[in-house]
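Have a look at the structure below before the remarks.
2 protein chains.
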Amino acid sequence: MIDYEALFKISYGLYIVSSGTKEQGNGYISNTVFQVSSDPPRFATCCSKDNHSLALIKDSGHFSVSVLHADTGIDLIGTFGYRSGKEADKFDGMDISYGHTGVPVVRNHAIAFLEIRVDETIDVGTHLMFIGELLHAELLDDQGDPLTYLHYRKAKKGMAPKNAPTYIDSAKLVKKSHAPEFARYKCPTCSYIYDEEKEGVKFEELPDDWECPICGEKKAEFIKL
Amino acid sequence: MIDYEALFKISYGLYIVSSGTKEQGNGYISNTVFQVSSDPPRFATCCSKDNHSLALIKDSGHFSVSVLHADTGIDLIGTFGYRSGKEADKFDGMDISYGHTGVPVVRNHAIAFLEIRVDETIDVGTHLMFIGELLHAELLDDQGDPLTYLHYRKAKKGMAPKNAPTYIDSAKLVKKSHAPEFARYKCPTCSYIYDEEKEGVKFEELPDDWECPICGEKKAEFIKL
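From first to last, the protein sequence lines stand for chains A and B.
Everything in the first sequence is counted per the numbering used here, starting at 1 for the first residue and increasing by one.
Everything in the second sequence is counted per the numbering used here, starting at 1001 for the first residue and increasing by one.
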C-alpha cells in the first residue's frame, strides 16, 4: 500500500535546470538535483520525457543548475515550471549568462549555480536521469537560503507540475476528513489546488478576476473536486 | 573552478536506509533519497562502495527508507552515520520492524517510511546508485517535519560522513577570512569541525571530558586545523 502523503516527507530543493545554446536554450523547474558521488563530484537530475529540454540536454551534453533563493516569487516558478519551451521562449527578459561549456544559466533569484557534463543517461520510466561530472560551481549569495520544495508547497501552496518526478495525481491522495462545508478546486492547467479550509475563504467569494497563483489560469476554469 | 561552498546550497533530507534480513540487517544515514519517476513511483538512493550495507542491498534486492523527524538527536545519527555495521550491530536496542518484503525498517524518530525493490544498479564512481519501484509507503507522523541536511549542518553542526556522496574534504573548502584569534579543530573520526568563531568558546576552554557531539570521540584526539 502506498500512502502518497508519506512521499511529501521526502526533502527536495527547487532549481532551474537549463540547457542548450545561445541560439536555442531552455530551462525548467526541477526538484531532483543531487550529488551522487563525492570524488570527483558527480550530480544527477531527472527530466520528463515530455520536456522540451530533454533534446537540448541530449544534444548539448551539458546542463546547468540554478539554485533558487527561498524568496523566489511564484511568477518565476510559473514561467519555468508550468509553461513549455515548445510554445514560448522562457529566457525572454531573463538574466541569462553562459557558462564555461556554453550552457545557459538563469541568474534570476539564483544563490548558486552548477555546470554539469552529462556522462550517462538512464531511462527511469516517465523520466530520463542524466548523470555527470560537476565542472563548475559558483556561489552567488553566501547568506541566501535555498528554496525547498516543502517551503514552496507550504508557503506558496504549490504542487508539482505534471512533468515532475514527484507529480502525484490528486485522486491518489488519501482523503482526510474535511468538514462538509469546505470544498477544493483544482486548476486544470497546473493542478494547483485551492483548498477553502486552508485558505479560510470560500472559492465563490474570490473576485472574478482572481487567477491561479501558480500559472495565471482564470478562476472560471477551475474544477470543483 | 568548483567552489565547494556552493554545493551546500543543494537541499537534501536525512534518512536511515536499511537492508538485509531478520538474521543480518544494517542501516546507514543517507541524504540521497529521491523520487526519479512519477508513475509508477520509482526511487533512487546512493550507497558508498565502502559501506557494509552495499552487499545487503545487492543480495536482498530491497531497501527501506526511514524519514527522520527534525528533532532526531545526534546520538541516532552518530550510531547510523559514523559507525560501521562491520564492527557493531547497529540495530541492537533499536525499534525495528520488518516490511512486506522482509526488509528491516528503523522506527526510531521516523515520521514515514518507504520500501523499495531494486530494479537497476548504476556505478556512479565512489558510490553505487540503486533505483527501484516503490512498493510500500507509510506515514507515521503527519505533523512531523522531516530532518533536512541543512538543519543538521546548522543546528547540529554536523558534516557529511566520509561515505556520503556529499562528503567534502575540508581542505577543499574556500577559506573564509577568520579573525586570527579563532581556530578550528577537526574530529579525526567523523570529520566534525569545532569552529571557535561559531561556538563562541575557545576549544581549550572546553572541559576535558568534552566529546565530539557527533561520534563521541575524545577532546584530546581533535586536530587543530
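Quick reminder that beta carbons are idealized off the backbone N, C-alpha and C, glycines included.
- Straight across, the Cα-Cα distance linking V33(A) with I1057(B) is about 23 Å.
- For V201(A), the closest C-alpha among the options S191(A), A183(A), G125(A), L114(A) is that of A183(A).
- Along the segment 1024-1077 of chain B, the beta strand (DSSP E) occurs as fully enclosed runs of 3 or more residues at 1025-1030, 1033-1037, 1042-1048, 1062-1068, listed in sequence order.
- Judged by their CB atoms, S191(A) and E115(A) are not nearer to each other than the 8 Å cut-off.
- For A55(A) and P104(A), the gap between their C-alpha atoms comes out near 15 Å.
- Fewer than three pairs of CB atoms, one per stretch, sit closer than 8 Å, so the segment 1-10 of chain A makes no contact with the segment 39-52 of chain A.
- Look at the beta carbons and you see the segment 23-30 of chain A touching the segment 80-90 of chain A: at least three pairs across the two are nearer than 8 Å.
- Straight-line spacing of the CA atoms in H1151(B) and Y12(A) works out to 13 Å.
- Distance check between A1070(B) and each of L1014(B), V1118(B), A1137(B), I1096(B) places L1014(B) closest, using alpha-carbon atoms only.
- Within the segment 74-109 of chain A, the complete beta strand (DSSP E) runs of at least 3 residues fall at 96-98, 104-106.
- Annotation for E1211(B): no beta strand (DSSP E) segment contains it, and DSSP assigns it neither H nor E.
- K1009(B) is positioned such that its CB atom lies closer than 8 Å to that of A112(A).
- For I131(A), the residues of chain B that pass the 9 Å Cβ criterion are I1122, V1124, M1129, in the order they occur in the chain.
- The C-beta separation of I74(A) from I214(A) comes to about 6 Å, placing the pair in contact by the 8 Å criterion.
- Of the candidates H109(A), R117(A), N108(A), R117(A) places its Cα closest to the Cα of T101(A).
- Taking all protein chains shown into account, I1016(B) has 16 or more neighbouring C-beta atoms within 10 Å of its C-beta and is therefore buried.
- Judged by DSSP secondary structure, Y1185(B) falls outside any alpha helix (DSSP H) and instead within the beta strand (DSSP E) spanning 1184-1186.
- E1005(B) places its beta carbon less than 8 Å from that of L139(A).
- According to the DSSP assignment, A137(A) belongs to the beta strand (DSSP E) that extends over 127-139.
- Annotation: G1085(B) to S1053(B) spans about 8 Å, alpha carbon to alpha carbon.
- Judged by DSSP in its simplified three-state form, Y1192(B) adopts coil rather than helix or strand.
- Non-local beta-carbon contacts of H62(A) in its own chain, meaning distances under 6 Å to residues more than five positions away in sequence, involve T101, V103, R117 in chain order.
- Linking S1038(B) to N1163(B) through their CA atoms gives a straight-line distance of about 29 Å.
- Taking the Cα of L1076(B) as reference, the smallest distance to any Cα among D1095(B), R1042(B), P1165(B) is reached at D1095(B).
- Y4(A): member of the alpha helix (DSSP H) spanning 4-7, first to last residue.
- In this structure, the beta-carbon distance from L1068(B) to L1128(B) does not fall below 8 Å.
- Shown here is that no member of the segment 1068-1079 of chain B has a Cβ falling below 7 Å from a Cβ of chain A.
- Here DSSP, grouped into helix, strand and coil, assigns S1011(B) to coil.
- T1126(B) and G1020(B) have their C-alpha atoms some 22 Å from each other.
- For chain A, the residues of the segment 1024-1038 of chain B that bring a beta carbon within less than 9 Å of one of its beta carbons are N1031, T1032, V1033, F1034, Q1035, V1036, S1037, S1038, in chain order.
- If you draw a straight line from the Cα of D1208(B) to the Cα of K1022(B), it comes to about 41 Å.
- Of A1110(B), R1153(B), S1170(B), E1120(B), the smallest CA-CA separation from D1141(B) is found for A1110(B).
- Judged by DSSP in its simplified three-state form, L1114(B) adopts strand.
- DSSP places L1150(B) inside the alpha helix (DSSP H), whose first and last residues are 1149-1155.
- As DSSP reads the structure, P146(A) sits in a beta bridge with H69(A).
- Leaving aside the five residues that flank N1051(B) on each side, the residues in its chain whose CB is nearer than 7 Å to its CB run, in chain order, Y1028, N1163.
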